[in-house]
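Novice: Got a structure for you, written out below as structure tokens; questions coming shortly.
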Amino acid sequence: METLVELLIDPFVAGFMQRALAAGALAAVTCSLVGTWVVLRGLTFMGDALAHGVLPGVAIAYILLGGGDVATSIGAAIAAVVMIAGVNVVQRQSRLPEDAGIGLLFVGMLALGVTIISRGSGYFGDLVGFLFGAALGVPPTAIVVQAVAAFIALVGVAVFHRAFLALSFDERKAQGLGLHPRLARVALLALIALAIVSSFRTVGNLLVYGLLIAPPATASLLARRVPAMMATSVAVGVVSVYVGLLLSYHLDLAAGAAMAGVAVIAFFTVLTVSQTRAVWRRRGPRGTLAVHRTGADDPGPVRATG
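Count along the sequence shown from 1, add 786, and you get the number used in my numbering.
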């Protein structure tokens, strides 16, 4: 019978598992750093739309250039830029709210991507790899790309920290402080695109959104300051990647789905524990209901809560 150490360590003796862990961990770092601001700014819909909106660029790059990590990444980046520009144009040139523009571009880009792919030949296997990732087949060059993306994300969130923070509370105040909110907004959207484009080859287009949202959402339940939230998010993301790969190895699961699934399960676990603790805090030291007096000096009557 295998020991606990063997169960935890042996799967990563193989080179392809080591590469999967390295690429997944770097993807988790990038997504966690950027995702923290996605959660704080309420841009989860934009993140989801971008994750799906890069499909046309990937499809065109695959058909015209024969696929490949570099070609599809460039195609995805171009599609992300087009989508970000389109959302800004819709917002400025119409009276529609921002989420309406995001929804329109989201559906339009996704439909275009599926149409292009459906007209190609032999696309099915590549489409599955694009949608759900190929973590166990990550080449060394992809790890280099992930490392560069993680570094850019770290520099970006550090440089724009004050601007992003002010933008999260009041765009007018950010403008008054000379923090250039429009530039900060474009920079944040660019970082979201970077996280998605650099990570979809590892965990897949449909599942990268899980790493972008779930670890920061979990961290928001555990930390109050933004730097602490980012650090917690990175830790949750990396652990989710490790546990997901373990489950994938031992239970023969899809690696990308396992990693994203563990991240989501972590959120609901922390949420359940925090809510349970909150309920017990509202009760007395021996499980009795807490009481509040109706007046400052009036000894009765009392109202029970909890």
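Don't be surprised by glycine CBs; every beta carbon is placed ideally from N, CA and C.
Ignoring anything shorter than 4 residues or poking outside the stretch 1001-1079, list the alpha helix (DSSP H) runs there in chain order.
Specialist: Segments of the alpha helix (DSSP H) lying fully in the stretch 1001-1079: 1012-1037, 1041-1067.
Novice: At a cut of 8 angstroms, does the stretch 828-843 reach the stretch 1018-1029 through at least three beta carbon pairs?
Specialist: The stretch 828-843 vs the stretch 1018-1029: no contact.
Novice: Within 7 angstroms: the Cβ of Ile1051 and any heavy atom of the ligand NAP?
Specialist: Here there are no bound small molecules, and the ligand NAP is not part of this structure.
Novice: Taking Ser1060 as the reference, which of Leu1008, Arg805, Val820, Ala933 has the closest Cα?
Specialist: Your numbering for residue 1060 matches position 274 in the sequence shown. Here the closest residue by C-alpha is Leu1008.
Novice: Taking Cβ to Cβ, would you say Gly996 is nearer than 8 angstroms to Val943?
Specialist: By 1-based counting over the sequence shown, the position of residue 996 is 210. By 1-based counting over the sequence shown, the position of residue 943 is 157. Result no, Cβ atoms of Gly996 and Val943 do not sit closer than 8 angstroms.
Novice: Rounded to the nearest angstrom, how far is the Cβ of Ile999 from that of Val873, given a contact under 8 angstroms?
Specialist: Residue 999 sits at position 213 when you count from the first residue of the sequence shown. Residue 873 sits at position 87 when you count from the first residue of the sequence shown. 19 angstroms between Cβ atoms; not a contact.
Novice: Could you work out which residue in Ala973, Val945, Ser904, Ala935 is closest to Ser984 when comparing CA atoms only?
Specialist: Counting from one through the sequence shown, the residue named residue 984 turns up at place 198. Cα-wise, what sits closest to Ser984 is Ala935.
Novice: Exposed or buried, Leu974, counting other C-beta atoms within 10 Å across all chains shown (16 or more means buried)?
Specialist: Sequence index remark: in the sequence shown, residue 974 carries index 188 (1-based). Leu974 should be labelled buried.
Novice: Report yes or no: do three or more beta-carbon pairs, one from the stretch 1011-1019 and one from the stretch 833-852, lie closer than 8 angstroms?
Specialist: Contact fails: fewer than three Cβ-Cβ distances are below 8 angstroms.
Novice: With a Cβ-Cβ cutoff of 8 angstroms, do Ala970 and Phe986 count as a contact?
Specialist: For the purposes of this step, residue 970 is taken as the residue at position 184 of the sequence shown. For the purposes of this step, residue 986 is taken as the residue at position 200 of the sequence shown. Contact: no.
Novice: Would you grab the beta carbon distance between Ser1019 and Ser818 for me? Rounded to a whole angstrom, and I think it's under 8 angstroms.
Specialist: Position 233 of the sequence shown holds residue 1019. Position 32 of the sequence shown holds residue 818. Confirmed, about 4 angstroms.
Novice: Near Ala847, which residues of its chain fall below 6 angstroms by C-beta distance, leaving aside the five closest residues on each side in sequence?
Specialist: On the sequence shown, position 61 is the one that residue 847 refers to. Closer than 6 angstroms at Cβ, skipping near neighbours: Ala857, Thr858, Gly861.
Novice: Kindly indicate which three-state DSSP category Thr789 falls into: helix, strand or coil?
Specialist: Here residue 789 is taken as the residue at index 3 of the sequence shown, counted from 1. It is coil, neither helix nor strand.
Novice: Using only the alpha-carbon positions, how far apart do Val815 and Gly1023 sit?
Specialist: To locate residue 815, count along the sequence shown from 1; it is residue 29. To locate residue 1023, count along the sequence shown from 1; it is residue 237. Looking at the two C-alpha atoms, the distance is approximately 7 angstroms.
Novice: Does the beta-carbon distance from Met1045 to Gly843 come in below 8 angstroms?
Specialist: One-based indexing of the sequence shown puts residue 1045 at position 259. One-based indexing of the sequence shown puts residue 843 at position 57. Cβ distance not < 8 angstroms, so Met1045 and Gly843 don't count as in contact.
Novice: In whole angstroms, what separates the C-alpha of Ile929 from that of Phe1053?
Specialist: Counting from one through the sequence shown, the residue named residue 929 turns up at place 143. Counting from one through the sequence shown, the residue named residue 1053 turns up at place 267. So the two alpha carbons sit approximately 27 angstroms from each other.
Novice: So which of Arg1067, Gly1047, Arg905 has the shortest CA-CA distance to Gly990?
Specialist: Locating residue 990 in the sequence shown gives position 204, where the first residue counts as 1. If we check each option's Cα against that of Gly990, Gly1047 comes out closest.
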